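Enquirer: Here's a structure for you.
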Amino acid sequence: MASIILDKIDFTYSSGTVHEMQALKNINLQIGEGEFIGIIGRTGSGKSTLVQLFNGLLKAGNGHIYVDGEDIYDDDYDMKKLRCKVGLVFQYPDHQLFAATNFEDVCFGPKNQGLGKKEAELRAFEALRNVGFPEELFYQPPFELSGGQKRRVAIAGVLAMKPEVLILDEPTAGLDPAGRDEILGLLSRMRSELGITVILVSHSMEDVAEYVERMIVLDNGEILFDAPPREVFSHHRSLEEIGLAAPEVAYLMEELAKSGMPVKPGAVTVQEAAQEIISAICKIP
Amino acid sequence: MIRDMTLGQYYPVDSVIHKLDPRVKLSATFIYITALFLFRGLAGFALVTAVLFYVIHLSKIPFGYIVKGLKTVVTLLLITVVFNLLFTSTGTEYWHWGPFHLTSTGIINAVLMSVRLGYLVIGTSVMTLTTTPNALTDGLEKSLSCLNRIHVPVHELAMMMSVALRFIPILIEETDRIMKAQTARGADFEKGNIVRRAKNMIPVLVPLFVSAFRRADDLALAMESRCYTGGEGRTKMKPLKYGKNDRKAYLAVIVFFILVIVFRIML
Amino acid sequence: MGIIKAKNVVHEFFRRDEEGNVEAITTALDNVNLDIQEGQFIAILGHNGSGKSTLAKHINALLVPGEGTLWVDGMATNEEENTIPVRKTAGMVFQNPDNQIIASVVEEDVGFGPENLGVPTEEIRKRVINSLQSVGMAEYKSHSPNRLSGGQKQRVAIAGVLAMEPKCIVFDEPTAMLDPGGRKEVIDAAHELNRQKGVTIILITHYMEEVTGADYVYVMEQGSIIMQGTPREIFSRVDELKEHRLNVPQVTLVADELRRAGILIPAGILTREELVEAVIDAYGQAEMSTGGELSDGINYSG
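Heads up: the protein sequence lines correspond to chains A, B and C, in order.
For the first sequence, position 253 matches number 242 in this note's numbering, and the numbering has no gaps at all.
For the second sequence, position 16 matches number 172 in this note's numbering, and the numbering has no gaps at all.
For the third sequence, position 264 matches number 276 in this note's numbering, and the numbering has no gaps at all.
Here is the structure:
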């Protein structure tokens, strides 16, 4: 399994022109095997830039990235191998679906890896099954699918390359709540079943809070917090300052605690919050 | 990358050139291009250069920004230069090998052609950089409105052009994103011969077309919902009217053109 | 009659094969009845594919009913001479901020609607400035839309509709493609128009949080209206909402859990403030009822 280390990474867009914009400043980061991470930040915080560095789509201006101990900026480093190891699913599935059928589309990645037809098809089959894509739709064109199903095919398209790290940029954008829960549940399941590292990029704290174990909050190209969700949410004042919001329950518990109720602030989910309030009220006698 | 393309992108600053009537800028550009192919001799060259740089100065657009627009035509420029250099056989010959020659005329032609093409691109960029696409199409629509009489749908064409100009940067950015998404799936756009490369573009072109059609659909709906029914009965928020500066500009353009012709005949 | 009234509206989409024979029929709207009064803020909730966007297009006469009638300010949308007056009365803001901005400069885009209506030049300029001011985008009037954020683009789109001086604006999932900051910008702008100018707002969304400020809510599924009422009424039916797989705001869910545990919390809690107050009340009461015993205990030990 793969580990990724970022060492003093800087990244600047359109360097040396009028539109110059520094997107990332001095990023130091270590991502271990099998982690479930959420990268959170508002639009323009540098989160999308960061994940494109992970698989070499963008190259940092300064600093080094080590994947499994190898410097990916070494001259003889095999970028193609890196892209198989670190899979990246972009925000809009429409940007990658192109083939006549869903099945063919998922075969695209494995074929690019140089696998034979049979092997590629086997991989595609397995990947589509892993994302819970209904078999009767395998040979339908991808363009007529619902948003949620398109997303599944897009994820399968990357999964078929057997990545050790799966990164998803805004995997729930444009989905309704039901579709969102399905996709996040799926990723959580895949992570435990397949044992891969999963990294979610999102602007919504509430969406990912229930699922991830570690949250990296980016603001203005810098890492502001890197901790478990519970700990991150306890800083909700500073989250607000950078235009992010902690889940409603975090605020609720804080206000209750302030009003003199003996509850612990820092709840992340509805169940936790309700449990905390119930036990506070029942403890009175 | 392709995102650096300046051609056709409006650069919002306040300048004399920005404020000119688009019809003036259109005809001035047209005349300037003609002049580029008419001028002769050092004096002519000095004149077209001086005018170009003076206009850029007046437009308040940073020079570097305009030059960047040249990048997109560098290949075309190089091909022209090479052709002129190698395939001109008149003039003093310095070197030759098979069908290739290097002659004094060839060198002069190459220099002339690159100046012409370079100035042409810069000149038109100055126009598009200082004129909003809408003003530009308004200008075209008004200048060409006489064609309406022979049933050319001038308004519709102008509208199509202005919509196209609005969506070019969006589609360029989208192409960039699609290429990245496919690269992440192991696609390679730089390997192989021309046929192979063209085939490799399919995974980019299909999503791009699908998206462009969807955008066109959405846009048509949005225009309809805002009561668009074609050119008839429309009024203008910024109707074109000539001002004092426009008349001065026309005069300047005419003087410039006469000078170019005079230089061509006299010198 | 209200400003928008729908009576038994049915809309079917036909999918045809290559020879033009009908292959499949999808019923997007199934006997929809609506009565919306002028000045109201209405929310229509539902999943993707519930028919809510089809309904929005009917209000703007972009689609007309297959059966039944829809009136906008008394004008039946299926009569062709009403099309333009209907669109002028009920404007529409779409989901994708990029695909509804026509011009390359903000103010020119806002002027597009009035230009189409043949409004005189001076009047257009006035309307453009006023509309941009109402959505707080006046300082961007000569910018290119390409460099604006999603929320800003949507506000420009709102200004574009506003410049046509409509009585009603339909927002068709205006926040689906925005980040939380942009979402708030757009919803705040909609409320502002409703309050300040009395514009009737119909907000179509799948975000529950955006519904809490509405006067009345319709919930749609499979082309039918399955629930309707004030937000408080709707949110007191948590089980039903969950059954339809609709997201319920976190505070409403916490309140619901507490009620299930037997704690006295009123139904239909919508905001954090309400819940904090209710919980503190419940806690206070629990303390009161056991307070005596507690002080006794202290006495003994003392």
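Ideal Cβ placement from N, Cα and C applies to all residues, glycine included.
Please read these numbers as outputs of a predicted model, since none were measured by experiment.
1. So what does phenylalanine 183(C) bridge to, in DSSP terms?
2. At the level of alpha carbons, what is the spacing between threonine 339(B) and leucine 86(A)?
3. Kindly indicate which three-state DSSP category isoleucine 113(C) falls into: helix, strand or coil?
4. Quick check: what's the CA-CA separation for phenylalanine 345(B) versus methionine 357(B)?
5. Contact criterion: CB-CB distance below 8 Å. Does valine 259(A) meet it with respect to chain C?
6. Within 10 angstroms of its Cβ, does tryptophan 253(B) collect 16 or more other Cβ (buried), or is it exposed?
7. Report the option in Ser268(A), Val206(A), Gly137(A), Gly98(A) whose CA atom is closest to the CA atom of leucine 13(A).
8. If I measure Cβ to Cβ from valine 252(A) and keep anything under 7 Å in the same chain, skipping five residues before and after, which residues do I get?
9. Any idea what DSSP makes of aspartate 65(A), helix, strand or coil?
10. Based on the DSSP secondary-structure assignment, which residues constitute the bridge partners of valine 206(A)?
11. Whole angstroms is fine: what's the gap from isoleucine -7(A)'s alpha carbon to arginine 257(C)'s?
12. Can you tell me whether isoleucine 281(C) is helix, strand or coil according to DSSP?
13. Can you tell me the Cα-Cα spacing of isoleucine 213(C) and phenylalanine 106(C), whole angstroms?
14. Taking only beta carbons into account, state which residues of the segment 259 to 282 of chain C come closer than 8 Å to chain A, listed in chain order.
15. Would isoleucine 277(C) be called buried (16 or more neighbouring beta carbons within 10 Å of its own) or exposed?
16. Quick check: isoleucine 231(A) and arginine 31(A), are their CB atoms within less than 8 Å of each other?
17. Which runs of the alpha helix (DSSP H) fall wholly inside the segment 124 to 157 of chain C and span at least 4 residues, in chain order?
18. Just the C-alpha distance for serine 181(A) and glycine 21(A), rounded to the nearest angstrom, thanks.
19. Take leucine 265(C) and list the residues in its own chain whose beta-carbon comes closer than 8 Å to its own, dropping the five residues that flank it on each side.
20. Just mark glutamate 297(B) as buried or exposed, buried being the case when its beta carbon has 16 or more other beta carbons within 10 Å.
21. Does any C-beta atom of chain A lie closer than 8 Å to the C-beta of proline 363(B)?
22. Grab me the residues of valine 76(C)'s own chain with a C-beta within less than 6 Å of its C-beta, minus the 5 sequence neighbours each way, in chain order.
23. Ordered along the chain, which non-local residues of its own chain (more than five positions away) have a Cβ less than 8 Å from that of arginine 150(C)?
24. For isoleucine 326(B), I'd like the list of residues in its chain whose CB is within less than 8 Å of its CB, leaving aside the five on either flank, ordered along the chain.
25. Is serine 301(C) buried or exposed, if buried means 16 or more other CB atoms sit within 10 Å of its CB?
26. On the DSSP letters alone, give me the boundaries of the alpha helix (DSSP H) that leucine 148(A) sits inside.
27. Starting from alanine 378(B), trace the alpha helix (DSSP H) both ways and give me its first and last residue.
28. Would you decide whether leucine 82(C) is buried or exposed? Buried here means 16 or more other CB atoms lie within 10 Å of its CB.
29. At a Cβ threshold of 8 Å, is methionine 284(C) touching chain A?
30. What's the call for valine 231(C), buried or exposed, on a 16-neighbour Cβ count within 10 Å?
31. Just to confirm before moving on: does the CB-CB distance between asparagine 101(A) and alanine 343(B) stay below 8 Å?
32. Hey, could you find the ends of the alpha helix (DSSP H) glycine 424(B) is sitting in?
33. How about the segment 19 to 27 of chain C and the segment 35 to 54 of chain C: do they share at least three Cβ pairs that are nearer than 8 Å?
34. Does the beta carbon of valine 319(B) come closer than 8 Å to any beta carbon on chain C?
35. From lysine 175(B) to isoleucine 414(B), what does the alpha carbon distance come to, in whole angstroms?
36. Check each candidate in Leu111(A), Cys96(A), Leu42(A), Val142(A) and name the one with the smallest Cα separation from histidine 84(A).
Expert: Once the coordinates are examined:
1. When DSSP reads this structure, phenylalanine 183(C) sits in a beta bridge with Val105(C), Leu215(C).
2. Approximately 13 Å, taken between the alpha carbons.
3. If DSSP states are grouped into helix, strand and coil, isoleucine 113(C) belongs with coil.
4. Across the structure, phenylalanine 345(B) and methionine 357(B) are spaced so that their CA atoms are roughly 7 Å apart.
5. Yes, because at least one Cβ of chain C sits closer than 8 Å to the Cβ of valine 259(A).
6. Answer is exposed; the Cβ neighbour count stays below 16.
7. Ranking Ser268(A), Val206(A), Gly137(A), Gly98(A) by CA distance to the CA of leucine 13(A) puts Val206(A) first.
8. Within the same chain, valine 252(A) has close Cβ partners Met242, Leu245, Ala246, Glu265, Ile266, Ala269.
9. It is coil, neither helix nor strand.
10. Answer is Ile29(A), Phe214(A).
11. Distance between the alpha carbons of isoleucine -7(A) and arginine 257(C): 38 Å.
12. Reduced to three states, the DSSP call for isoleucine 281(C) is coil.
13. Straight-line spacing of the CA atoms in isoleucine 213(C) and phenylalanine 106(C) works out to 14 Å.
14. Here the close residues are Asn259, Pro261, Gln262, Val263, Leu265, Val266, Glu269, Leu270, Ala273, Ile275.
15. Isoleucine 277(C) is buried by the Cβ-count criterion.
16. Going by beta carbons, isoleucine 231(A) and arginine 31(A) fall inside the 8 Å limit.
17. With a minimum length of 4 residues, the continuous alpha helix (DSSP H) runs that stay inside the segment 124 to 157 of chain C are 133 to 146.
18. Answer to the nearest angstrom: the Cα atoms are 15 Å apart.
19. For leucine 265(C), same chain residues with a beta-carbon under 8 Å away, outside a window of 5 residues either side, are Val250 in chain order.
20. Answer is buried; the Cβ neighbour count reaches 16.
21. Yes - at least one Cβ of chain A is within 8 Å of the one on proline 363(B).
22. Answer for valine 76(C): Thr89, Asn90, listed in chain order.
23. Sequence inspection shows alanine at residue 150(C); the arginine mentioned does not correspond to that position. Excluding sequence positions up to five before and after alanine 150(C), its CB lies within less than 8 Å of the CB of Ile141, Leu144, all in the same chain and listed in chain order.
24. If the five residues before and after isoleucine 326(B) are omitted, its C-beta is found closer than 8 Å to the C-beta atoms of Arg371, all from its own chain and listed in chain order.
25. Looking at its Cβ environment, which holds fewer than 16 other Cβ atoms inside 10 Å, serine 301(C) is exposed.
26. In the DSSP assignment, leucine 148(A) falls within the alpha helix (DSSP H) that extends over 136 to 148.
27. Residues 358 to 381.
28. Classification of leucine 82(C): buried, given that the 10 Å Cβ count is 16 or more.
29. Note on residue identity: the sequence assigns arginine, not methionine, to residue 284(C). Yes - at least one Cβ of chain A is within 8 Å of the one on arginine 284(C).
30. The residue is buried, with at least 16 neighbouring Cβ atoms inside 10 Å.
31. A contact, by the Cβ cut-off of 8 Å.
32. Residue 424(B) falls outside the range modelled here, since chain B spans only 157 to 423, and no answer is possible.
33. The segment 19 to 27 of chain C is in contact with the segment 35 to 54 of chain C.
34. Yes, its Cβ sits closer than 8 Å to a Cβ of chain C.
35. About 25 Å.
36. Closest by alpha carbon: Val142(A).
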